[in-house]
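Since the structure comes first, as structure tokens, the remarks are kept for the end.
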Amino acid sequence: MEFFEDLRPCDIAFSTITDGIYKFFPDIEEKEIKFFYHGTYNVFEVKDHYIFRIPDKTLRNQKGVQLLLNEVKMLHHIQKYVSVAIPDPIYISIDPDCPIMGYEKIPGIPLHKLFNKISEEDKMQIAANIGEFLGELHSKKLFKDAKNNKIVDNSFSCEKYKQNLEEYFKIIQSLLFSLLNHEQKQWIIRLFTNFLDNKVNFKFNYSIIHGDFDSSNILIDPNILNVIGVVDFEESRVYDPAADLLFYNEGDIFFQKVLKSYNENIDANFKERMKFLYGQSCLGYLKYGIENNLPDLVNWGFKLLKMRMNQFPII
């Protein structure tokens, strides 16, 4: 399995990185900083023991500071409720020119780097771990306590969610449709209209979600092949929990095992919402790439669009 984040080069000068980390480690040398990957954040290993994250160039500003602070707040709350390791930020800089978050490295190998090398039995164990973790993350108690402690606000509602999707659909049409062929446009139109026209899709119990939960952010102990950690919570928020269970690329048996091990409620339209959320996920790459003049991201979005259309033909 391939992820765009693994293919992108670092977009920040190493001298800037060194200067940013210097305030935490005055003896830091450039050779002690190892670039890992570049998604929303440029991610580095420091001194073989820490992970430091610096936002993409489009987020090295006040917006990036708020994204970082929200993630820190969510992590500090969530870690009390889940049984696997998640980042515990201990180094934080809110300089808008170079926001930084650092934490002790969680051992383990990303699932997508191991998936095709392990047995079906081990995959089933990992799928069970994933379902169990998501049940903890999506729990009513975690959400209730987050609201009571003002970790999250109470602004999310299914009605607002539908309104936001309707507005997003208009933006997608305005921004992208001139770049798409007839088949692509019709697929997107049917994807959204079929979903938006079904009122049942907007009757669900929302929760705190991870928001970017895929096999690149799930860490595996290579010795016992269990989930040992989960990382990259920058998209964590109140939302539809179906968004975290989109394991279509790992095969149906794995997918069904995740669902079976998930102990929160799976309502009648849960799987339909999953298909929609998975289908439209490619559009975010296209939108962000166009708005920020990132042609590689646009190309990746088109690649994903083709995959989604093949996986879920809409008649």
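Going left to right, the sequence shown walks through residues -15 to 299 as this note's numbering numbers them.
No residue lacks a Cβ here, since even glycine has one placed at the ideal position from N, Cα and C.
As the structure is a computational prediction, the values presented were derived from the model and not from experiment.
Determine contact between the segment 208 to 228 and the segment 44 to 59, defined as no fewer than three beta-carbon pairs at a distance below 8 Å.
yes
Quick one: Cα of K131 to Cα of G23, how far?
29 Å
Contact defined as beta carbons within less than 8 Å: I believe S200 pairs with E234. What is the distance between those atoms, to the nearest angstrom?
Incorrect: roughly 12 Å between the Cβ atoms, too far for contact.
Going by C-alpha distance, which of Y65, H96, Y34, H122 is nearest L229?
H122
DSSP-derived helix/strand/coil call for G92:
coil
Return the CA-CA distance between L267 and P10, expressed in angstroms with no decimal places.
42 Å
Within the segment 14 to 49, ranges of the alpha helix (DSSP H) (whole runs, at least 4 residues)
none
Residue-chain proximity (N253, chain B), Cβ-Cβ < 7 Å:
Looking at the structure shown, chain B is missing, and only one protein chain is on hand.
Between which two residues does the alpha helix (DSSP H) harbouring I155 extend?
142 to 160
Based on DSSP bridge pairs, tell me the residues matched to I70.
None; I70 has no bridge partner.
Out of curiosity, what's the CA-to-CA distance linking M108 and V242?
8 Å
Assuming contact is defined by CB atoms lying nearer than 7 Å, are S191 and P225 in contact in what I supplied?
yes
Could you tell me whether the Cβ atoms of N247 and G119 are closer together than 7 Å?
yes
Once DSSP output is grouped into helix, strand and coil, what is the label at R292?
helix
Helix, strand or coil, according to DSSP, for V56 in the structure here?
helix
How many Å lie between K134 and Q46 at the Cα?
22 Å
Check R174 in the structure and name its three-state DSSP category.
helix
Do the CB positions of F28 and I12 come within less than 7 Å of each other?
no
Could you say which of F8, G48, K41 lies nearest to K31 if we only look at CA atoms?
F8
Taking the beta carbon of A(-3) as the centre, do at least 16 other beta carbons fall within 10 Å, making it buried, or is it exposed?
exposed
What are the start and end residues of the beta strand (DSSP E) that includes V184?
It is not in any beta strand (DSSP E) - V184 carries neither H nor E in the DSSP assignment.
Of all the options K271, Q170, D181, K183, which has the alpha carbon lying nearest to the alpha carbon of I298?
Q170
Alpha-carbon spacing of V214 relative to P71, whole angstroms:
8 Å
Unbroken stretches of the beta strand (DSSP E), 3 residues or longer, contained in the segment 177 to 232
191 to 193, 202 to 204, 211 to 214, 221 to 223
Neighbourhood of G48 by C-beta distance below 6 Å, restricted to the same chain and skipping five residues each side:
P39, P83
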